[in-house]
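Visitor: Got a structure for you, written out below as structure tokens; questions coming shortly.
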Amino acid sequence: MTARTIFLLTALSTLLAAAPAQAQPRQSLMEYVSANIGKDKALSTTEQERLMAAIRDRFANYANTVVRKNDTAAADVVMRMIIEGTFDENSPERIAEVSFAAFQAISRGAPADVVEGIALYGYRKKIPGERISIWSNGYRELTDFKVPPEVAADLVRNAMEHDWDDQTFRLLKQGLIQASKERFNLRDYATYVFGNMLTKKQRPGALSATALGYFRKIAKTKTPPELPPYEGVFSRKPTDKLVYEAKPQEPAPAELPRPGGAPPASESQPPVQAQITAPPPEPQPAPSAPTPMPEQAQPTHSTPAVPRSSPKTAKSEPAPKRALTPKELGLAMATLWPGLQGSARSYLGTPYVWGGVTHKGIDCSGFTQNSYGENKVGIPRVSRQQWKTGEHIEWNDLREGDLVFFNTMGVGVSHVGMVVNAQGPKFMHASSSRGVVQDELSKKYYKTRYLGARRIVP
């Protein structure tokens, strides 16, 4: 045996010995999805089998895509689409179609966290993965250029609802980016462009050029713009001054036991990633003023020593005033409910819009925030923060006006609704496929994913 042969055999032996330790766990996409669907207690065995059959059929050759332990983003978005679809009781075929479109978009390089919000439009109308990819990448590019998330989301909504082609989307996107670079008021600019796009049917390139020229002109003359009538998801009407504002409590309340012995969400939901970044499915308005640095990051300045000859006593800061409770402010649900119920019901039929806050389109936490806000009670914008407000209420004590929370993503609070009838109980919420609707909270789909309830006003 030659020295070369001995060397090669030794190297091969070393590689074979090291291979098991270095190999990464491998799992196909269908194995990953099937394992997680099998843990969903909201579905019967028959329902699970029908759903998996539809998914396998739609994914076809993509079914064997490898899901690595350290990169489950695409697979987790697929699971989110599946969970949302079953939560809204869509057909297995529709769930498979939406899930596949989301997977295709991510495969084309679209950011998973944005796809997770935009792909839900597939439950309203059929949207190919290529288009979801264009919209998702466009949304990310817009927000990277400081376009407010709700304005970027409104461009996507318009493209979806009015079937704007990809070239129209790109041209209007570039106009918004240029408007941001020139520091125009982007809500006014978007109102001008989207309003004229819908009423005058102008070509997108020419309209963007006209809009930029117009806003440059009024910037020089410092005159307010003349805007067409337009209501977008960012066109929130000003509300009356708040009488009471519910602040989030820290730490957040623990997830609560499900009614009727239902298993915890961690048992009934697929273990959707801890690795993936949560989506912005509820884009928030850009702050009107720069956000101050956290206290620990604020620059500190040393205080010069006070001369002994003229000692001074530092004035103590007055203690912050304690916020008044709803009871101390004279607020009670008995008197608040007629107005609150009227506000909530005014949104019935409003379509789900990612980040929406108006009757033109709204998301789940926008619906609850608006309903309370229109009655002079403020609550936070996103469901995770709403979960931290008010007081915990047991299932058997639910009444009108209570907020009810759900786990539809496997990572805690991700959906919120409002009880509108204690009998049942019945609640209203913004469904991704049906818009704002009223449902029975005791239905299996909701009861299994129920986390708990909070009472804002006693």
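Position one of the sequence shown corresponds to residue -6 (my numbering), numbered consecutively onward. From the three backbone atoms N, C-alpha and C, an ideal C-beta is built for every residue, glycine too.
#1: Using CA atoms only, rank isn't needed, just tell me which of Ala183, Phe360, Val226 and Pro221 is closest to Leu205.
#2: If contacts are defined as beta-carbon pairs under 8 Å, then Gly394 and Met411 qualify, I think. What distance do you get, rounded to the angstrom?
#3: Among Pro104, Ala46 and Lys119, whose alpha-carbon lies nearest the alpha-carbon of Ser426?
#4: Does Gly335 come out as helix, strand or coil in the three-state DSSP assignment?
#5: In this structure, how does DSSP classify Asp64 when only helix, strand and coil are distinguished?
#6: With contact counted as at least three CB pairs below 8 Å, one residue from each stretch, are the segment 409 to 424 and the segment 378 to 398 in contact?
#7: How should His422 be labelled, buried or exposed, when 16 other C-beta atoms within 10 angstroms of its C-beta is the threshold for buried?
#8: Using C-beta distances below 6 Å, list every residue in its chain close to Val71, excluding the 5 sequence neighbours before and after it, in chain order.
#9: For a quick check, are the C-beta atoms of Lys369 and Val450 less than 8 Å apart?
#10: Does Arg124 pass the burial test, meaning 16 or more other C-beta atoms within 10 Å, or should it be called exposed?
#11: Is the distance from the Cβ of Ile127 to the Cβ of Ala89 below 8 Å?
#12: CB-CB under 8 Å to Lys419, same chain, minus the five flanking residues each way: which ones, in chain order?
#13: Identify whether Ile125 lies in helix, strand or coil by the three-state DSSP scheme.
#14: Beta carbon of Val186, beta carbon of Gly168: below 8 Å?
#15: Taking 7 Å as the limit between beta carbons, can you name the residues of its chain near Leu165, skipping five residues before and five after?
#16: For Thr382, does the three-state DSSP call read helix, strand or coil?
#17: Mind checking whether Pro222 and Ile211 have CB atoms under 8 Å apart?
#18: Which runs of the alpha helix (DSSP H) spanning at least 4 residues fall entirely within the segment 194 to 249, listed in chain order?
#19: For the candidate residues Ala112, Asp356 and Phe80, whose alpha-carbon lies nearest to that of Glu143?
#20: Work out the CA separation of Ser21 and Gln41 for me, nearest whole Å.
#21: Tell me whether Asn109 is buried or exposed, calling it buried when 16 or more other Cβ atoms sit within 10 Å of its Cβ.
#22: Assuming the contact rule is C-beta atoms closer than 8 Å, Val346 and Ser376 should be a hit. Round their C-beta distance to whole Å, please.
#23: On the criterion of 16 or more Cβ atoms from any shown chain inside 10 Å, does Arg51 qualify as buried, or is it exposed?
#24: How many Å lie between Ser113 and Met74 at the Cα?
#25: Would a C-beta distance cut-off of 8 Å place Gly349 and Val226 closer than the cut-off?
#26: Enumerate in chain order the residues of its own chain whose CB-to-CB distance from His352 is below 8 Å, with the five nearest sequence positions on each side excluded.
#27: As a quick exercise: from Asn363, Lys34, Phe162 and Val59, pick the residue whose alpha carbon is nearest that of Leu333.
#28: For Leu329, which residues in the same chain have their Cβ closer than 8 Å to its Cβ, ignoring the five residues on either side in sequence?
#29: Would Pro331 be called buried (16 or more neighbouring beta carbons within 10 Å of its own) or exposed?
#30: For Thr351, write down the residues that DSSP places opposite it in a beta bridge.
#31: Report all residues from its chain with a CB closer than 8 Å to the CB of Arg209; omit the five preceding and five following residues, and keep chain order.
#32: So does Ala103 have its beta carbon nearer than 7 Å to some heavy atom of the ligand MG?
#33: Could you tell me the alpha carbon to alpha carbon distance between Tyr207 and Ala415, rounded to whole angstroms?
#34: My output table needs one value for Leu44: the three-state DSSP class, helix, strand or coil.
#35: Cβ of Gly78 within 8 Å of Cβ of Arg101?
#36: What residue ranges within the segment 71 to 158 form continuous alpha helix (DSSP H) runs of no fewer than 4 residues, ordered along the chain?
Guide: Well, looking at it:
#1: To locate residue 205, count along the sequence shown from 1; it is residue 212. Residue Ala183 holds the alpha-carbon nearest to the alpha-carbon of Leu205 among Ala183, Phe360, Val226 and Pro221.
#2: Locating residue 394 in the sequence shown gives position 401, where the first residue counts as 1. Locating residue 411 in the sequence shown gives position 418, where the first residue counts as 1. Contact between Gly394 and Met411 is confirmed by a C-beta separation of about 7 Å, below the 8 Å threshold.
#3: Translated into the one-based positions of the sequence shown, residue 426 becomes position 433. Here the closest residue by C-alpha is Lys119.
#4: Residue mapping note: residue 335 aligns to position 342 of the sequence shown, counting from 1. DSSP places Gly335 in helix when its eight states are reduced to three.
#5: Translated into positions along the sequence shown, residue 64 becomes position 71. Asp64 carries a strand assignment under DSSP once its states are collapsed to helix, strand and coil.
#6: Taking 8 Å as the limit for Cβ pairs, the verdict is that the segment 378 to 398 does touch the segment 409 to 424.
#7: Residue numbering aside, residue 422 sits at position 429 when the sequence shown is read from its first letter. Classification of His422: buried, given that the 10 Å Cβ count is 16 or more.
#8: Here the question's residue 71 lines up with position 78 in the sequence shown. Short of 6 Å from the beta carbon of Val71, and not among the five residues preceding or following it, lie these beta carbons of its own chain, in chain order: Ser92 and Phe96.
#9: Against the sequence shown, residue 369 aligns to sequence position 376. Against the sequence shown, residue 450 aligns to sequence position 457. Against a cut-off of 8 Å, the Cβ pair of Val450 and Lys369 comes out as no contact.
#10: To locate residue 124, count along the sequence shown from 1; it is residue 131. Under this definition Arg124 is a buried residue.
#11: As a position in the sequence shown, residue 127 is number 134, starting the count at 1. As a position in the sequence shown, residue 89 is number 96, starting the count at 1. Contact flag unset, no.
#12: The residue you call residue 419 lines up with position 426 of the sequence shown. Within the same chain, Lys419 has close Cβ partners Val412, Val413, Gln431, Asp432, Glu433 and Leu434.
#13: Residue 125 sits at position 132 when you count from the first residue of the sequence shown. Look at Ile125 here: in three-state DSSP terms it is helix.
#14: Counting from one through the sequence shown, the residue named residue 186 turns up at place 193. Counting from one through the sequence shown, the residue named residue 168 turns up at place 175. In this structure, Gly168 lies closer than 8 Å to Val186 by Cβ.
#15: To locate residue 165, count along the sequence shown from 1; it is residue 172. Closer than 7 Å at the Cβ level, and outside the excluded window around Leu165, lie Leu148, Val186, Pro197 and Ser201.
#16: Translated into positions along the sequence shown, residue 382 becomes position 389. Thr382: coil per DSSP, three-state reduction.
#17: Here residue 222 refers to the residue found at position 229 of the sequence shown. Here residue 211 refers to the residue found at position 218 of the sequence shown. Not closer than 8 Å, so no.
#18: Within the segment 194 to 249, the complete alpha helix (DSSP H) runs of at least 4 residues are 197 to 214.
#19: If you number the sequence shown from 1, residue 143 lands on position 150. Taking each of Ala112, Asp356 and Phe80 in turn and checking the Cα distance to Glu143, the smallest one comes out for Asp356.
#20: Within the sequence shown, the letter at position 48 stands for residue 41. Within the sequence shown, the letter at position 28 stands for residue 21. Approximately 18 Å, taken between the alpha carbons.
#21: Your numbering for residue 109 matches position 116 in the sequence shown. Here residue 109 turns out to be Glu, not Asn, going by the sequence shown. So Glu109 ends up on the buried side.
#22: Numbered from its first residue, the sequence shown carries residue 346 at position 353. Numbered from its first residue, the sequence shown carries residue 376 at position 383. About 15 Å; that fails the 8 Å criterion.
#23: Start at 1 with the first residue of the sequence shown, and residue 51 comes out as number 58. Residue burial is scored here from C-beta neighbours: Arg51 has at least 16 other C-beta atoms within 10 angstroms and is therefore classed as buried.
#24: As a first step, residue 113 is located in the sequence shown; it is residue number 120 there, counting from the start. As a first step, residue 74 is located in the sequence shown; it is residue number 81 there, counting from the start. In the sequence as displayed, the identity of residue 113 is Leu instead of Ser. Between Leu113 and Met74, the C-alpha separation is close to 7 Å.
#25: By 1-based counting over the sequence shown, the position of residue 349 is 356. By 1-based counting over the sequence shown, the position of residue 226 is 233. For Gly349 and Val226, yes; Cβs fall inside 8 Å.
#26: Against the sequence shown, residue 352 aligns to sequence position 359. Result list for His352: Glu224, Ser339, Tyr340 and Thr343, in chain order.
#27: Counting from 1 along the sequence shown, the entry for residue 333 is found at position 340. Comparing Cα positions, the closest option is Asn363.
#28: Reading the sequence shown from its first residue, position 336 is the one you call residue 329. The beta carbon of Leu329 lies closer than 8 Å to those of Asn368, Val370, Gly394 and Val450 in the same chain, with the five residues before and after it left out.
#29: Sequence index remark: in the sequence shown, residue 331 carries index 338 (1-based). Its Cβ having fewer than 16 others within 10 Å, Pro331 is exposed.
#30: Locating residue 351 in the sequence shown gives position 358, counting from the first residue. DSSP lists Gly354 as partners of Thr351.
#31: In the sequence shown, counting from the first residue as 1, residue 209 sits at position 216. Taking Arg209 as the centre and dropping the five residues before and after it, the same chain places the C-beta of Glu175 closer than 8 Å to its C-beta, in chain order.
#32: Looking for the ligand MG in the displayed structure turns up nothing, as the structure carries no ligands at all.
#33: The count along the sequence shown starts at 1 and reaches residue 207 at position 214. The count along the sequence shown starts at 1 and reaches residue 415 at position 422. Whole-angstrom Cα-Cα distance: 54 Å.
#34: Looking up residue 44 in the sequence shown gives position 51. Reduced to three states, the DSSP call for Leu44 is helix.
#35: Here residue 78 is taken as the residue at index 85 of the sequence shown, counted from 1. Here residue 101 is taken as the residue at index 108 of the sequence shown, counted from 1. Taking 8 Å as the Cβ cut-off, Gly78 and Arg101 do not qualify as a contacting pair.
#36: The segment 71 to 158 contains, as complete alpha helix (DSSP H) runs of 4+ residues, the segments 85 to 100, 105 to 111, 122 to 137 and 142 to 154 (chain order).
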